[in-house]
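Undergrad: Numbering (the numbering used here), first residue to last: 41 to 219. Glycine included, every Cβ here is placed at the ideal spot set by N, Cα and C.
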Amino acid sequence: LLSNDLLVTLRLLQQSTNSELKSAIAKLLAEDAQSADEEVMQSAVDRLCYGSWLWWEDSRAAALEQMKEYRKLNVAPELGLVIESRMLFETKQIDAALALLESLKPMNQQMLQDRELAILQLVLQKGDTDRAKQSAERLFALRLDSATQMQVGQLMMQLGMREMADAVLQRVRQRSGND
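1) Considering only the alpha carbon of each residue, which of Ser186, Glu60, Gly167, Leu182 lies closest to Met151?
2) Check this for me: beta carbons of Leu94 and Ala102, under 8 Å apart or not?
3) When you compare each of Leu104, Asp135, Leu140 to Gly167 by their alpha carbons, which one comes out closest?
4) Between the alpha carbons of Ala176 and Arg111, how many angstroms are there, rounded?
5) Excluding sequence positions up to five away, which residues of its chain have a Cβ less than 6 Å from the Cβ of Ala158?
6) Helix, strand or coil for Gly217, going by three-state DSSP, please let me know.
7) Within a Cβ cutoff of 8 Å, which residues of the same chain sit near Ser63, ignoring the five residues on either side of it in sequence?
8) With DSSP as the reference, label Thr131 as helix, strand or coil.
9) From Leu52, Lys132, Met147, Glu118, pick the residue whose C-alpha is nearest to that of Leu162; which is it?
10) Leaving out five residues before and five after Ser125 in sequence, what residues of the same chain have Cβ atoms less than 6 Å from its Cβ?
11) Cα-Cα, which of Trp96, Gln214, Ala205 is closest to Leu53?
12) Using 8 Å for Cβ pairs, my map puts Leu184 next to Leu160. What's the rounded Cβ distance?
13) Out of Gln214, Leu113, Arg51, Arg178, state which residue places its alpha-carbon closest to the alpha-carbon of Met201.
14) Quick check on DSSP: helix, strand or coil for Met201?
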């Protein structure tokens, strides 16, 4: 959807000390984001670029608004959910970030793992141990790499899920013995 080079270039321009250049770029990005493109993919890229610019310029509410508009385009909706939830998390809107992540329908095991790890991080920050245990149980059932299993096992210990934590740590030991 977006090339890394485009985002890196945009970020470098945003960090420029030339205020006239930054102002001109911001104006172009805003115009592109507001114009109706025939190509929905171009509209999506315009929204992501402008939303990123606004975020880097500390215009958090406007950046979040661009992400909402991006999601309406229904282009790579999972990407929009993840970016917007991260923005909400960064602005301490934990409940809203959690609701977005929970609405994400994973299409594969990696997405499920990423979603549950992110949810686990949010609910632990909220202090919601019951929901944290649910996420930990979901993660327990997944095939995770050793480092992630260790992390989940340690979190399970902290949550008082000793038997499951021991089982996870045993799996790590067995896997490392087989490698």
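TA: The answer reads as follows:
1) Reading the sequence shown from its first residue, position 111 is the one you call residue 151. Looking at the Cα atoms, Leu182 is the closest of the given residues.
2) As a working mapping, residue 94 is identified with position 54 in the sequence shown. As a working mapping, residue 102 is identified with position 62 in the sequence shown. Cβ distance < 8 Å, so Leu94 and Ala102 count as in contact.
3) Translated into the one-based positions of the sequence shown, residue 167 becomes position 127. Checked all of Leu104, Asp135, Leu140; the closest Cα to Gly167 is Asp135.
4) In the sequence shown, residue 176 corresponds to position 136, counting from 1. In the sequence shown, residue 111 corresponds to position 71, counting from 1. Straight-line Cα distance between these residues: approximately 29 Å.
5) By one-based count along the sequence shown, residue 158 stands at place 118. Excluding positions up to five away in sequence, the list reads Leu141.
6) What you label residue 217 is simply residue 177 of the sequence shown in a count that begins at 1. In this structure, Gly217 counts as helix in the three-state DSSP scheme.
7) For the purposes of this step, residue 63 is taken as residue 23 along the sequence shown, with counting starting at 1. Counting only Cβ-Cβ distances below 8 Å, and skipping sequence neighbours, we find nothing.
8) Taking the sequence shown and counting its residues from 1, the one referred to as residue 131 is at position 91. DSSP places Thr131 in coil when its eight states are reduced to three.
9) Working through the sequence shown from its first residue, we reach residue 162 at position 122. The candidate whose alpha carbon is nearest that of Leu162 is Lys132.
10) Position 85 of the sequence shown, counted from the first residue, corresponds to residue 125. Excluding sequence neighbours, Ser125 sits near Ala137, Leu140, Leu141.
11) For the purposes of this step, residue 53 is taken as the residue at position 13 of the sequence shown. The shortest C-alpha separation from Leu53 is found at Trp96.
12) On the sequence shown, residue 184 is found 144 positions in, with the first residue counted as 1. On the sequence shown, residue 160 is found 120 positions in, with the first residue counted as 1. Incorrect: roughly 12 Å between the Cβ atoms, too far for contact.
13) Numbered from its first residue, the sequence shown carries residue 201 at position 161. With distances taken between Cα atoms, Met201 lies closest to Arg178.
14) Within the sequence shown, residue 201 is the residue found at index 161, counting from 1. Reduced to three states, the DSSP call for Met201 is coil.
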